[in-house]
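Residue numbers (the numbering used here): 76 to 424.
Ideal Cβ positions, reconstructed from N, Cα and C, are used throughout, including at glycine.
Remember, it's a predicted structure, so these values are computed and weren't measured experimentally.
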Ligand SMILES: [Ca+2]
């Protein structure tokens with residue numbers, strides 16, 4: 076058994092099995108809620124990994140590693156009649172070979188696929204399609220096998236080990252840094268600024284394996300042993316608020332080439348798992364003298380500068396802190412600066 080799905084009248088089972096209750100059933104079957112085998116019957120040549128009941132459109136979506144369904148070529152995704160098991164819709168060319176559908180989920184009008192490929196020329200990302208007519212709406216091409224998808228309030232959450240999303244709007248380049256959770260717009264696949272993360276963890280080291288929403292809480296289960304760099308094994312959850320995530324990597328100040336009466340401070344932007352724009356607070360001798368805002372992500376942390384005007388020859392102690400508006404970092408280590416004086420003769424100034 077690899078997958079289970081229910082409707083009011085049936086429980087659908089998918090996996091590698093070849094029989095149920097002593098009857099021949101090849102990798103997919105349907106039983107009553109009481110456990111009695113139903114006539115539903117289909118013939119799939121390889122494993123089923125995901126099931127999605129769509130009774131409102133007369134379909135059971137089936138995903139997996141298969142290449143043939145009911146005698147016809149149907150690579151990794153098919154739609155079956157929920158009562159008979161006959162094929163009712165095909166998705167030719169949606170997925171290349173060696174690319175298994177690992178997860179299926181839906182909202183009111185559309186459905187979403189997470190896929191895992193093995194080898195070259197494969198598909199590892201997510202696809203959105205329309206339930207009514209089976210039209211593809213979008214396909215992203217991040218690398219890093221997707222294990223789970225769940226849509227909620229216009230956002231598609233996914234568990235994967237995404238490591239190259241260059242071709243997806245809002246995405247990141249290959250940085251050899253696996254991002255195990257993603258949020259993207261269901262309408263245009265744009266990757267949103269939401270970057271909680273797990274490690275790969277135990278087993279195959281795939282991180283999150285399952286996602287579900289319950290009462291506005293996103294639950295994630297899987298192989299991970301850490302969440303946001305803290306020990307947390309196999310099960311975690313995320314709420315919509317409040318924002319308790321402080322900016323990561325508090326900045327360190329450096330002083331750049333000062334001219335007479337001026338101090339130019341430089342630092343590298345921090346980043347925050349759930350805020351794209353952060354505000355930097357600059358203190359001189361313990362007093363706030365300036366603030367600067369900057370967009371940043373974990374893969375794009377711009378250099379920032381601030382030039383302070385003070386008396387030539389004076390000495391000052393600078394610190395910096397960063398805030399997302401709710402959570403403010405500790406102030407940085409102090410930087411002590413002696414302000415340059417203009418050493419040119421008076422008449423040359
Ligand atoms: Ca935050």
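### Message
List, from N- to C-terminal side, the alpha helix (DSSP H) runs of 4 residues or more that fit wholly inside the region 99-127.
### Response
none
### Task
Provide the residue span of the beta strand (DSSP E) that contains residue 354, from first to last.
352-359
#### Entry: Burial state of residue 242, where buried means 16 or more other Cβ atoms lie within 10 Å
Classification of residue 242: exposed, given that the 10 Å Cβ count is below 16.
### Message
DSSP three-state label for residue 423, please.
### Response
helix
#### Entry: Contact between the region 116-127 and the region 83-93 (3+ Cβ pairs under 8 Å)
yes
### Touch test, the region 197-217 against the region 166-186, Cβ-Cβ under 8 Å, three pairs minimum
The answer is yes - the region 166-186 touches the region 197-217, with three or more Cβ pairs under 8 Å.
#### Entry: alpha helix (DSSP H) runs contained entirely in the region 249-298, provided each spans 4 or more residues
For the region 249-298, not a single whole alpha helix (DSSP H) run of length 4 or above is found.
### Message
Please classify residue 326 as buried or exposed, where buried requires at least 16 other C-beta atoms within 10 Å of its C-beta.
### Response
Classification for residue 326: buried.
### Query
Does the beta carbon of residue 349 fall short of 7 Å from some heavy atom of ligand 1?
yes
### Query
At a cut-off of 7 Å, is residue 131 close to ligand 1 when judged by its beta-carbon and the heavy atoms of the ligand?
no
### Task
Name the two residues that bound the continuous beta strand (DSSP E) containing residue 137.
134-139
#### Entry: Expected contact under 8 Å - CB spacing of residue 393 and residue 355 to nearest Å
In fact, because the Cβ distance is near 12 Å, the residues do not count as touching under 8 Å.
### Query
Should residue 378 be counted as a contact of ligand 1 given a C-beta to heavy atom distance under 7 Å?
No; taking the cut-off as 7 Å, the Cβ of residue 378 has no heavy atom of ligand 1 nearer than that.
### Beta-carbon gap between residue 122 and residue 140 smaller than 8 Å
Between residue 122 and residue 140, the C-beta spacing is below 8 Å.
### Query
For ligand 1, is there a heavy atom less than 7 Å away from the beta-carbon of residue 402?
yes
### Task
Can you say whether residue 189 is buried or exposed, counting buried as having 16 or more other CB atoms within 10 angstroms of its CB?
buried
### Task
From the DSSP output, read off the bridge partner residues of residue 214.
202
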